[in-house]
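Comments concern the structure below.
Numbering (our numbering), first residue to last: 12 to 112.
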């Protein structure tokens, strides 16, 4: 609660000077912080998109880099594909032997 009411907290680094925040009616600081948040979120989104596109194109060269399982692997179940056994319950075993349709 002290950080909300104290306008000098940002000044503790010895460089930054602001006239307070929302509580001190320094509305300009709100826009600066909002712009900083939007810039950070945009940067994170773009970098993640670049990484995902790189993985997408590299998965054609290196098959282990795929982001999604094949249809056969989905039908088998990810427990069986990844660790070689059923780790969920008896119901997953019944699903293989009994046709639910």
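For glycine and all other residues, C-beta sits at the position ideal for the given N, C-alpha and C.
Using 7 Å as the threshold, is the C-beta distance between residue 70 and residue 59 below it? Counted from its first residue, the chain shown places residue 70 at position 59. Counted from its first residue, the chain shown places residue 59 at position 48. No. Outside cutoff.
In this structure, how does DSSP classify residue 50 when only helix, strand and coil are distinguished? If you number the chain shown from 1, residue 50 lands on position 39. The answer is helix: DSSP assigns residue 50 an H, G or I state.
Pairwise C-alpha distance: residue 28 and residue 36: Within the chain shown, residue 36 is the residue found at index 25, counting from 1. Within the chain shown, residue 28 is the residue found at index 17, counting from 1. Cα to Cα, residue 36 sits roughly 15 Å from residue 28.
Can you tell me the Cα-Cα spacing of residue 87 and residue 55, whole angstroms? In the chain shown, the residue the question calls residue 87 occupies position 76. In the chain shown, the residue the question calls residue 55 occupies position 44. So the two alpha carbons sit approximately 35 Å from each other.
Please identify the residue among 33, 92 and 46 whose C-alpha is closest to the C-alpha of residue 81. Numbered from 1 along the chain shown, position 70 holds the residue referred to as residue 81. Closest by alpha carbon: 92.
Beta-carbon proximity list for residue 74, same chain, < 7 Å, skipping 5 on both sides: Residue mapping note: residue 74 aligns to position 63 of the chain shown, counting from 1. Excluding positions up to five away in sequence, the list is empty.
Endpoints, alpha helix (DSSP H) assigned at residue 84: If you number the chain shown from 1, residue 84 lands on position 73. Per DSSP, residue 84 belongs to the alpha helix (DSSP H) from 82 to 87.
Does DSSP classify residue 73 as helix, strand or coil? Counted from its first residue, the chain shown places residue 73 at position 62. In the structure shown, residue 73 sits in coil (DSSP, three-state: anything other than H, G, I, E or B).
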